[in-house]
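> Pasting a structure here, questions to come.
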Amino acid sequence: MKQKEYTISILTEDKPGLLNKITIIFNRRKINIASLNVSTTEVAGVSRYTLVVSLTPEEVEKIIKQIRRVVEVLGSFYYEEDEIYYREIALYKFSIDTYKNNNELEQLIRNHGAKVMATEEDQVVIEKTGTKQETHELYNAFQPFDLMEFVRSGRIALSKSKRRTEAFIHELETSTSNTLSIKEF
Amino acid sequence: MNTSTLELEEKEVNETEMITGAEAVLKCLVEEGIDTIFGYPGGAIMPVYDSLYGYADKINHILSRHEQGAIHAAQGYARASGRVGVCFATSGPGATNLITGIADAMIDSTPLVCITGQVASHLLGSDAFQETDVIGISMPVTKWNFQVTSAEEIPKAIAQAFYIAKSGRPGPALIDITKNAQQEELDFSYTRCHRVRSYHPYPEIKEESLRAAAKLINKAKKPYILFGQGVTLSGAEEELKNLIEKTGIPAASTLLGLSAFSTKHPLYVGYTGMHGNYGPNVKTNECDVLIAIGMRFDDRVTGDVNTYAAQAKVIHIELDLAEINKNIKVDVAINGDAKQALQALTQLVNQNSHEGWVEEFHECDRIEMEKTIKKSIDPEGAQITMAEVVHKLSVFTKGKSLIVTDVGQHQMMASRYYKFDEPKSHITSGGLGTMGFCLPAAIGAKIGAPERQVIGIVGDGGFQMTLQELGLIMQYNVGVKILILNNEFLGMVRQWQQLFFDRRYSFTEMQNPDFIKLTESYNIPALQVSDRSKLEDAFKSWLGTEGPCLLEVIVEKEENVFPMVPSGSCVSKIRLE
């Protein structure tokens, strides 16, 4: 079956070691994690892991269910692109000389909706928020100009669902069984 | 939280007192009703062992001869008694020696709480003496693990470990306790854990799934039940029998399901899997509705998943959601506890019988008897066969013993020819296939079920992997009966070499020690038999001996286990000879 890009969102207790407990589930099946982000949520003590992986629909369901088996996992869900709002952030570094000597760079920054994040005596850092494709396009555009360093963050995503994390946690605390389907959140 | 839970929890809160973390560990265990521990001391767990010295009246600690022995004994204990097995080991090698048993318990769903000592917390990560990252190492093979670095964390961690290990689909939990946490003092109180908000071990069974299953069952012409260990774990033996008897559906067992339903019942049609019976395998691919109960469609059961029961509607009753649609796509999933599910389902199904269909299984039995079984249990050769020994043992003990097996040919012969007639009577390393499991697990089983006759059946290879535990039998006079089926070969590997590798017997022949002398050196009576005519007498003196006793039977060197579904092939292509 054909692979698709899925965004996996996992709510967990904020405990050490959990990152490992989650990633070994992917390692076992030799699945490459394309991007990973760990963040706090609006609920104290609850973390959100956001991962991007390419899997078949069958594989993603199996993985989600195995992630749910981890005791400290509150919920795990998977989404296709149209089911989420998502962004990544990229940073691009140039030497101050390159930046000053190439007027096209400022043009590119404007056209791509990027901005100068920091200007130092010897270097400039540009920041761009967007989809992976957008940050990559800017990277390609910057490539000819002696780009010193480039980095891109993991994807962060929120689902289009109207449910609140807090309500979900409350439901878990009060019910004896986790009845939420893996696609529901 | 409702008020009744609050009251319950308040009642269980003890008066507080200042004690060391080490003593807290033992108090927690006593609070959990634990009176038996298997373990091995060492530097990083010495404070706990020091406290244990004063707990001899409350806790019976069994000293193994190797940590692997301790954990397999804890597994045998847990599976025979239905309680949580508890195991102690020190840091570093002590902890890593537990890993095989932990992995075994994980895949065979055995409730264990393992407590390992760890170097002092200021030394963590510094490659200190006997430091190993046991949390990291055990993570993929534990249901839950947790590192305690201060004394006050101990009660909550242990309470959670017990709750998680035994609830839902059971499994091993590991608590790693740094030495300073064992030495520090804490203000002790204990509350048993009844709830972890991120963990929901008992899914609510959906009414519509039960109705859909009942509908399929009621209109089925050739329904077929396959049951696994989930039935035993949920204590649903009676409920299984009720469903089978009401619907008249023939039922077969997986390896780990054995003994959950009497082999003597007219609707019991045998055991399925790679070396299972002929009927249960071929009929899988002829039935119209397959009802799988508390089992996980292991590859040793399914063979080729693409052809497995492809013609049938599949109903899967399973507690662990991750097992549903993992290996076999199912039509109706009943996600919940087997006991509950079977009770509810039995209400919804019609009284029925399927005599013609059951007769088809019996026809298969006759073929298997003619082509396979007769030759195995009543062989023409002079040498005794493994199948013959197990068959005769089954008759001799009337199928009432608790059988613990190791891994390999003898294991398959035991599962084929021992006719179980009592629940909770079969303990083996099924999922992991751990050689060396039998001897310590049989010891643990006897300690966990002292009223039962416990017989460990083991090959000469597996016996030598953990034979040091004879020392445990000697020291605690554990009345377990051990049966070595000695063919001087790693028989199952040899069989595969014969069938699939052109008889190139690469490193499977074994030169063995004198098992009788060896056993006697531990002051355990032992006898050997190689003559068929003396086998029954040997059983009499072996099983008639008070306390432990070992019987070695010299068996045919190149006996094969048949039938056989070659690895990855279609179950209906089962080979009878």
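Protein chains in written order, with the working numbering: chain S, 115 to 299; chain C, 249 to 825.
From the three backbone atoms N, C-alpha and C, an ideal C-beta is built for every residue, glycine too.
Could you run through the stretch 266-286 of chain S and flag, in chain order, every residue whose CB is less than 8 Å away from some CB of chain C?
The residues in question are Ile283, Leu286.
> The alpha helix (DSSP H) with leucine 464 (chain C) in it runs from where to where?
Here the alpha helix (DSSP H) through leucine 464 (chain C) covers 455-467.
> Is threonine 495 (chain C) closer than 8 Å to glycine 521 (chain C) when the C-beta atoms are compared?
Not closer than 8 Å, so no.
> Measure the CB-CB distance between leucine 150 (chain S) and leucine 165 (chain S) and report whether it falls below 8 Å.
In this structure, leucine 165 (chain S) lies closer than 8 Å to leucine 150 (chain S) by Cβ.
> Given a threshold of 16 other Cβ atoms within 10 Å of its Cβ, counted over all protein chains shown, does asparagine 141 (chain S) qualify as buried or as exposed?
Asparagine 141 (chain S) comes out exposed.
> Cβ of glutamate 218 (chain S) within 7 Å of any heavy atom in the ligand ADP?
Ligands are entirely absent from the displayed structure, and the ligand ADP is therefore not among its contents.
> In chain S, which residues lie less than 8 Å from methionine 387 (chain C) when you measure between Cβ atoms?
The answer, in chain order, is Gly131, Asn134, Lys135, Ile138.
> Pairs of beta-carbons, one from the stretch 225-238 of chain S and one from the stretch 246-255 of chain S, closer than 8 Å: are there three or more?
Touching, per the Cβ criterion.
> So, with DSSP's three-state summary, where would you put alanine 508 (chain C)?
Reduced to three states, the DSSP call for alanine 508 (chain C) is coil.
> If the cut-off is 7 Å on Cβ atoms, which residues from the stretch 438-462 of chain C count as contacting chain S, listed in chain order?
Residues Val444, Arg445, Ser446, Tyr447, His448, Tyr450, Pro451, Glu452.
> Let me confirm a value: asparagine 808 (chain C) is counted as buried when at least 16 other C-beta atoms fall within 10 Å, else exposed. Which label applies?
It counts as buried.
> Kindly identify the DSSP beta-bridge partner or partners of aspartate 424 (chain C).
Looking at the DSSP assignment, aspartate 424 (chain C) forms a beta bridge with C:Thr364, C:Gln395.
> Buried or exposed for arginine 278 (chain S), going by 16 or more other Cβ atoms inside 10 Å?
Classification for arginine 278 (chain S): exposed.
> Relative to the alpha-carbon of isoleucine 425 (chain C), which residue among C:Phe336, C:Ser663, C:Leu569, C:Lys782 has its alpha-carbon at the smallest distance?
The residue with the shortest Cα to Cα distance from isoleucine 425 (chain C) is C:Phe336.
> Put isoleucine 210 (chain S) into one of helix, strand or coil per three-state DSSP.
Correct three-state label for isoleucine 210 (chain S): helix.
> Residues in the same chain with beta-carbon distance under 6 Å from glutamine 776 (chain C), minus the five sequence neighbours each way, listed in chain order, please.
Closer than 6 Å at the Cβ level, and outside the excluded window around glutamine 776 (chain C), lie Ile764, Glu800.
> Leaving out five residues before and five after serine 827 (chain C) in sequence, what residues of the same chain have Cβ atoms less than 7 Å from its Cβ?
Residue coverage of chain C in this structure runs from 249 to 825, which leaves residue 827 (chain C) outside it and unanswerable.
> Specify the secondary structure class of histidine 309 (chain C) as computed by DSSP and reduced to three states.
Three-state result, histidine 309 (chain C): strand.
> Could you tell me which chain C residues have their CB closer than 8 Å to the CB of valine 187 (chain S), listed as they occur along the chain?
Here the neighbours are Ser446.
> With three or more C-beta pairs closer than 8 Å as the rule, is the stretch 270-283 of chain C touching the stretch 314-327 of chain C?
In short, these stretches do not touch, since the Cβ pair count stays below three.
> Can you pull out the residues from the stretch 180-210 of chain S whose beta carbon lies closer than 8 Å to at least one beta carbon of chain C?
Answer set for the stretch 180-210 of chain S: Gln180, Arg182, Arg183, Val185, Glu186, Val187, Leu188.
> State the CB to CB distance for the pair glycine 505 (chain C) and glycine 476 (chain C), rounded to an integer number of angstroms; the pair is presumed to be in contact (CB under 8 Å).
Going by Cβ atoms, the distance from glycine 505 (chain C) to glycine 476 (chain C) rounds to 4 Å, so yes, they are a contact pair.
> Could you tell me whether the Cβ of glycine 287 (chain C) comes closer than 8 Å to any Cβ of chain S?
It does not; no Cβ of chain S falls within 8 Å.
> Find the nearest neighbour of aspartate 762 (chain C) within the set C:Tyr516, C:Asn734, C:Trp744, judged by alpha-carbon distance.
Answer by Cα proximity: C:Asn734.
> Scan the stretch 371-386 of chain C for residues whose Cβ lies nearer than 7 Å to a Cβ of chain B and list them as they occur along the chain.
In the structure shown, chain B cannot be found, because the protein chains are S and C.
> Tell me the rounded alpha-carbon separation between valine 334 (chain C) and glutamate 315 (chain C).
So the alpha carbons of these two residues sit roughly 12 Å apart.
> How many Å lie between glutamate 608 (chain C) and serine 457 (chain C) at the Cα?
So the two alpha carbons sit approximately 30 Å from each other.
> For glutamate 220 (chain S), decide whether its Cβ has a neighbour in chain C, counting only Cβ atoms nearer than 8 Å.
For glutamate 220 (chain S), the answer is no, since every Cβ of chain C falls outside 8 Å of its Cβ.
> Taking a Cβ distance cut-off of 9 Å, strictly less, list which residues of the stretch 140-165 of chain S are near chain C, in chain order.
Against chain C - using a Cβ distance shorter than 9 Å - the residues of the stretch 140-165 of chain S are Asn141, Arg142.
> Please report the residue range of the beta strand (DSSP E) in which glutamine 237 (chain S) lies.
Here the beta strand (DSSP E) through glutamine 237 (chain S) covers 237-244.
> I believe valine 597 (chain C) touches isoleucine 465 (chain C) by the beta-carbon criterion, under 8 Å. Please report the beta-carbon distance rounded to the nearest angstrom.
The Cβ separation is near 5 Å, so the contact holds.
> Quick check on alanine 540 (chain C): does DSSP put it in helix, strand or coil?
DSSP places alanine 540 (chain C) in strand when its eight states are reduced to three.
> Output yes if chain S places a C-beta closer than 8 Å to the C-beta of leucine 569 (chain C); else output no.
Cβ-Cβ to chain S under 8 Å: yes for leucine 569 (chain C).
> If I'm right that serine 437 (chain C) touches threonine 268 (chain C) with Cβ under 8 Å, what's the distance once you round it to whole angstroms?
Contact flag wrong, Cβ pair sits at about 15 Å.
> Give the range of the beta strand (DSSP E) segment to which proline 471 (chain C) is assigned.
Its beta strand (DSSP E) spans residues 471-475.
> Can you tell me whether DSSP reads threonine 594 (chain C) as helix, strand or coil?
In the structure shown, threonine 594 (chain C) sits in a helix (DSSP, three-state: H, G or I).
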